Amino acid sequence: MLAMIVGKWLNKQSSVSIETSSIEHKTETSSIEHDTSSIEELVKQAKVNIEMRNELISQYTPFMIKVTSKVCKQYIDRSRDEFSIAMEAFNEAIETYDADQGSHFLSFAEMVIRRRVIDYIRKETRQTRDIFLEQESKDDEEQVESLAQINASISQYHKELERERRREEIQEYQLLLKKFDITFSELVECCPKHIDARENAKQIAKTLASKPELANYLMEKKQLPLKQLLKFVQCSRKTVERNRKYIIAMALIYIGQFESLRVYIEPEQIQHRKEG
Numbered sequence: 001m002l003a004m005i006v007g008k009w010l011n012k013q014s015s016v017s018i019e020t021s022s023i024e025h026k027t028e029t030s031s032i033e034h035d036t037s038s039i040e041e042l043v044k045q046a047k048v049n050i051e052m053r054n055e056l057i058s059q060y061t062p063f064m065i066k067v068t069s070k071v072c073k074q075y076i077d078r079s080r081d082e083f084s085i086a087m088e089a090f091n092e093a094i095e096t097y098d099a100d101q102g103s104h105f106l107s108f109a110e111m112v113i114r115r116r117v118i119d120y121i122r123k124e125t126r127q128t129r130d131i132f133l134e135q136e137s138k139d140d141e142e143q144v145e146s147l148a149q150i151n152a153s154i155s156q157y158h159k160e161l162e163r164e165r166r167r168e169e170i171q172e173y174q175l176l177l178k179k180f181d182i183t184f185s186e187l188v189e190c191c192p193k194h195i196d197a198r199e200n201a202k203q204i205a206k207t208l209a210s211k212p213e214l215a216n217y218l219m220e221k222k223q224l225p226l227k228q229l230l231k232f233v234q235c236s237r238k239t240v241e242r243n244r245k246y247i248i249a250m251a252l253i254y255i256g257q258f259e260s261l262r263v264y265i266e267p268e269q270i271q272h273r274k275e276g
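So, in structure tokens, the structure goes:
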């Protein structure tokens, strides 16, 4: 199931890349003339220099507006609360960015901004619904109709936010896999063809993720703790080695707490029962 989702993601990448490049070009030409290859060095300086940080935040304001507007599906100017959230997120990205992780700063910053803005919108929609429920209305029928409309709108919006969250997790997951020299294309190719083989590999991955000493070894060494892992699983060394990349990829979903992606690695028998 996860391989299918990843496959669809790969098919969309070319069109998404074209669209993103176009939007970013418009944003940069408005006020930013920096070479993006130097942004990582500027961020490094901004971590310890408050004046440099403020300058960086000011110059990348169009970038923040672009990302926030894309999440909200409408233009967001500097007066909106969503923009304030985006600025805080951009500042957070400066503080937490690690160039050794292999991602570009702007990609990382976009991910942080998206996550913070989505969390803010979710909080606001919940509060709006709670306020409405507390208000009294003279016309009960009108109140019921309005409440139904609000609930429908909120439900639809939450679905859109969930899609956005899944998209964000896929991007974050892709960056994490890159540290282990695994691409999405390789993940699709190395996925075991038979259900029982897939389920066995998933169980091995889950066992690995549940053992702190094994999970820490994987994250630090960027390779399977093969000798230690074999003590906890009922399969041969050859089987583990054959499915090495797939096991690592599945383990990273558990370790990285990718909640939106976990549903796609549930036991496939369970998924069939749910569908039935």
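Heads up: the sequence shown begins at 1 in full-length UniProt numbering, then just goes up one per residue. Built from N, CA and C at the ideal position, the CB exists for glycine as well. No experiment lies behind these values; they were computed from the predicted model shown.
* **Reduced DSSP category for GLN74 - H, G, I as helix; E, B as strand; rest coil** => In the structure shown, GLN74 falls within a coil segment according to DSSP collapsed to helix, strand and coil.
* Evaluate the contact criterion for the stretch 170–179 versus the stretch 207–217: three or more CB pairs, one atom per stretch, below 8 Å. => No, because fewer than three Cβ pairs between the stretch 170–179 and the stretch 207–217 fall closer than 8 Å, the two stretches do not touch.
* So, helix, strand or coil for ILE182, using DSSP? -> Looking at ILE182 - three-state DSSP - the assignment turns out to be coil, as it is neither helix nor strand.
* To do: Could you have a look at PRO267 and say whether DSSP puts it in helix, strand or coil?
  => Reduced to three states, the DSSP call for PRO267 is coil.
* Asked: So what does DSSP say about SER58, is it helix, strand or coil?
  -> SER58 falls in the helix class under three-state DSSP.
* Ignore the nearest five residues each way along the sequence and tell me which others in GLN45's own chain have a CB closer than 6 Å to its CB. => When the five nearest sequence neighbours on each side are left out, the beta carbons in the same chain lying within less than 6 Å of the beta carbon of GLN45 are those of MET52, in order along the chain.
* To do: Locate the alpha helix (DSSP H) running through ASN216, then write down its first and last residues.
  => Membership of ASN216 in the alpha helix (DSSP H) is indicated by the continuous run 212–221.
* To do: Give the range of the alpha helix (DSSP H) segment to which LYS44 is assigned.
  => Element bounds for LYS44: 39–46.
* Where does ASP119 fall in DSSP's three states? -> If DSSP states are grouped into helix, strand and coil, ASP119 belongs with the helices.
* TYR254: first and last residue of the uninterrupted alpha helix (DSSP H) it sits in -> For TYR254, the uninterrupted alpha helix (DSSP H) run begins and ends at 244–255, by DSSP.
* Is DSSP giving ARG80 helix, strand or coil here? -> Reduced to three states, the DSSP call for ARG80 is coil.
* To do: For PRO225, collect the residues of the same chain with a Cβ closer than 7 Å to its Cβ; drop the 5 residues on either side in sequence, then sort them by chain order.
  => Around PRO225: LEU214, TYR217, LEU218.
* Three-state secondary structure (DSSP) at CYS235? -> Assignment of CYS235 by DSSP, reduced to helix, strand and coil, places it in the coil class.
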